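Q: Quick one: the structure is below, questions incoming.
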Amino acid sequence: MNPNPNKKSFPERVEIVEVGPRDGLQNESEWVPTEMKIELINRLAACGIRTIEAASFVSPKWIPQMKDSLEVMKGIQRNSSIRYPVLTPNLKGLERALEAGAEEVAVFAAASEAFSQKNINCSISESIERFRPLIHEAKVAGVTVRGYISCVMGCPYQGEVDAETVAELAETMCKLGCREISLGDTIGVGTPLQAQNLVKTVGQRVPLDQIALHFHDTRGQALANLYACLELGVSVIDSSVAGLGGCPYASGASGNVATEDVIYMLDGMGIETGIDSEKLLDVVQFVSQSLGRPPQSRVGRANLNH
Ligand code: HMG
Ligand code: MG
4 MNPNPNKKSF PERVEIVEVG PRDGLQNESE WVPTEMKIEL INRLAACGIR
54 TIEAASFVSP KWIPQMKDSL EVMKGIQRNS SIRYPVLTPN LKGLERALEA
104 GAEEVAVFAA ASEAFSQKNI NCSISESIER FRPLIHEAKV AGVTVRGYIS
154 CVMGCPYQGE VDAETVAELA ETMCKLGCRE ISLGDTIGVG TPLQAQNLVK
204 TVGQRVPLDQ IALHFHDTRG QALANLYACL ELGVSVIDSS VAGLGGCPYA
254 SGASGNVATE DVIYMLDGMG IETGIDSEKL LDVVQFVSQS LGRPPQSRVG
304 RANLNH
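So the sequence shown is numbered by our numbering: it starts at 4 and just counts up by one.
Shown next, in the form of structure tokens:
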């Protein structure tokens with residue numbers, strides 16, 4: 004439990020969870036070759052990023068871009084000091100993830116019933132019942148579990164989402180055994196004071212050091228929202244190189260906040276990440292060349308114009 008959710012203190016260090024290879028690429032309509040996915044992950048690892056979400060063992064009928072996740076996991080150069088979490092919506096996903104040698108998996112729920120139905124074809128309570136055996140089996144296999152909650156500041160189908168609903172779900176998922184809860188502003192609708200209120204509300208039920216922020220930048224609010232939550236002491240941020248991504252079940256959702264934009268801000272604030280920003284910009288360029296379009300990020304675009 005966070006003893007004083009109103010306290011303002013920036014963390015000294017922030018852990019970046021790079022989600023580009025999963026959240027980013029899952030949204031690409033053109034097939035991205037397996038070798039490019041593998042090279043992207045290896046290059047991100049070389050920048051000093053310590054957590055890279057590498058793949059997704061969901062139904063290939065739902066997300067065809069992730070159908071080569073086994074090959075990707077087998078193809079990357081594993082570094083023992085890096086976590087490579089993968090998405091698993093159900094037991095079948097866990098089985099496939101274990102076959103691929105995953106050491107961390109992520110389950111994903113939503114704070115909105117409508118989004119839960121669209122994204123994973125079940126209600127919120129059914130999703131929790133699905134996670135129960137999955138998390139149990141993961142623990143038996145010695146695999147850690149991360150938990151996502153989508154639509155924490157608004158839903159494309161339902162509109163407003165109450166922070167208390169998110170907090171209850173976060174607590175339930177922690178009790179089930181998730182080591183960390185990542186709060187997803189899936190459609191990038193939140194604003195800074197709302198984000199702070201969300202963290203304070205969730206922080207009443209889940210320790211602050213188990214809260215991660217996963218903000219999509221659809222309306223240009225992500226950095227401001229992150230700053231507002233850093234002020235409360237949150238120290239885990241999900242981001243995507245070159246601002247890749249969106250969500251296939253949230254039309255109009257743009258990419259996650261770009262890793263290079265976050266690193267630029269954190270470097271300027273003197274907050275450590277262990278990430279080499281020059282190398283990261285080379286990866287941004289690699290992504291742009293591979294996908295044939297400029298990066299979404301401001302820092303990435305500024306770098307192109309140099
Ligand atoms: P369903 O159709 O209800 O599943 O989908 P089912 O259990 O009835 O099975 C139907 C078929 O799918 C069967 O095959 C299963 O074997 C197969 P068939 O007999 O027809 O040949 N199947 C699978 N195949 C491979 N791997 C699996 C798997 N499971 C079933 N794991 C299901 C339910 C959950 C599977 C489906 O809805 C699904 O895969 N959804 C994933 C959607 C998704 O990946 N969305 C994007 C990721 S979430 C996100 O981006 C948000 C996040 O970034 C946070 C944020 O921004 O808010 C995390
Ligand atoms: Mg996302």
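Every residue gets a Cβ at the ideal spot worked out from N, C-alpha and C, and that includes glycine.
Here the structure is a predicted model, which is why all the values come from computation and not from measurement.
1. Over what stretch of residues does the beta strand (DSSP E) that includes Phe289 continue unbroken?
2. Quick one: complete beta strand (DSSP E) runs, 3+ long, within the region 129-209?
3. Throw me the rounded Cβ distance for the His219 and Ala225 pair, which I believe falls under 8 Å.
4. Where do the N-terminal and C-terminal ends of the alpha helix (DSSP H) with Ser72 fall, by residue?
5. Mark Ser115 as exposed unless 16 or more other C-beta atoms lie within 10 angstroms of its C-beta, in which case mark it buried.
6. Tell me, please, which residues DSSP counts as bridged to Leu101.
7. Roughly how many angstroms lie between the CA atoms of Ala113 and Glu167, to the nearest whole one?
8. Would you kindly work out how many angstroms separate the C-alpha atoms of Gly271 and Leu186, rounded to a whole number?
9. Which stretch, first to last residue, makes up the beta strand (DSSP E) that contains Asp212?
10. I'd like to confirm something about Leu201: is its beta-carbon nearer than 7 Å to some heavy atom of the ligand HMG, or not?
11. CB-CB under 8 Å to Ile274, same chain, minus the five flanking residues each way: which ones, in chain order?
12. Quick one: what does DSSP say Ser119 is sitting in, helix, strand or coil?
13. CB-CB under 6 Å to Ser238, same chain, minus the five flanking residues each way: which ones, in chain order?
14. Check whether the Cβ of Asn259 sits closer than 7 Å to any heavy atom of the ligand FAD, and report yes or no.
15. Buried or exposed: Val3, going by 16 or more other Cβ atoms within 10 Å of its Cβ?
16. With 16 as the cutoff for other CB atoms within 10 Å, does Gly150 come out buried or exposed?
17. By how many angstroms is the C-alpha of Gly248 removed from the C-alpha of Leu242?
18. Given this structure, state the Cα-to-Cα distance separating Leu283 from Gly191, to the nearest angstrom.
A: Concretely, from the data shown:
1. As a working note, residue 289 is residue 286 in the sequence shown. Here Phe289 belongs to no beta strand (DSSP E); instead the alpha helix (DSSP H) covers 280-294.
2. 147-153, 183-188
3. Stepping through the sequence shown from its first residue, residue 219 is reached at position 216. Stepping through the sequence shown from its first residue, residue 225 is reached at position 222. Rounded to the nearest angstrom, the Cβ distance from His219 to Ala225 is 7 Å, consistent with a contact under 8 Å.
4. The sequence position of residue 72 within the sequence shown is 69, counting from 1. Where Ser72 is concerned, the enclosing alpha helix (DSSP H) stretches over 72-78.
5. Looking up residue 115 in the sequence shown gives position 112. Buried, since its Cβ has 16 or more Cβ neighbours within 10 Å.
6. For this step, residue 101 is matched to residue 98 along the sequence shown. In DSSP, Leu101 forms no bridge with anything.
7. Here residue 113 corresponds to residue number 110 of the sequence shown, with the count starting at 1. Here residue 167 corresponds to residue number 164 of the sequence shown, with the count starting at 1. For Ala113 and Glu167, the distance between alpha carbons rounds to 13 Å.
8. Position 268 of the sequence shown holds residue 271. Position 183 of the sequence shown holds residue 186. Cα to Cα, the separation comes out at about 25 Å.
9. Numbered from its first residue, the sequence shown carries residue 212 at position 209. First-last for Asp212: undefined, no H or E at that position.
10. In the sequence shown, counting from the first residue as 1, residue 201 sits at position 198. No, the Cβ of Leu201 stays beyond 7 Å of every heavy atom of the ligand HMG.
11. As a position in the sequence shown, residue 274 is number 271, starting the count at 1. For Ile274, same chain residues with a beta-carbon under 8 Å away, outside a window of 5 residues either side, are Phe13, Pro14, Glu15, Arg16, Val17, Leu233 in chain order.
12. The count along the sequence shown starts at 1 and reaches residue 119 at position 116. Three-state result, Ser119: helix.
13. Along the sequence shown, read from residue 1 onward, the residue named residue 238 stands at position 235. The answer, listed in chain order, is Pro14, Val17.
14. Among the ligands in the structure shown, the ligand FAD does not appear; only the ligand HMG and the ligand MG can be found there.
15. The requested residue 3 is not part of the displayed model; the chain covers only 4 to 309.
16. As a working note, residue 150 is residue 147 in the sequence shown. Gly150 is buried by the Cβ-count criterion.
17. Counting from one through the sequence shown, the residue named residue 242 turns up at place 239. Counting from one through the sequence shown, the residue named residue 248 turns up at place 245. The question names Leu, but residue 242 is Ser in the sequence shown. Between Ser242 and Gly248, the C-alpha separation is close to 10 Å.
18. Working through the sequence shown from its first residue, we reach residue 283 at position 280. Working through the sequence shown from its first residue, we reach residue 191 at position 188. Answer to the nearest angstrom: the Cα atoms are 24 Å apart.
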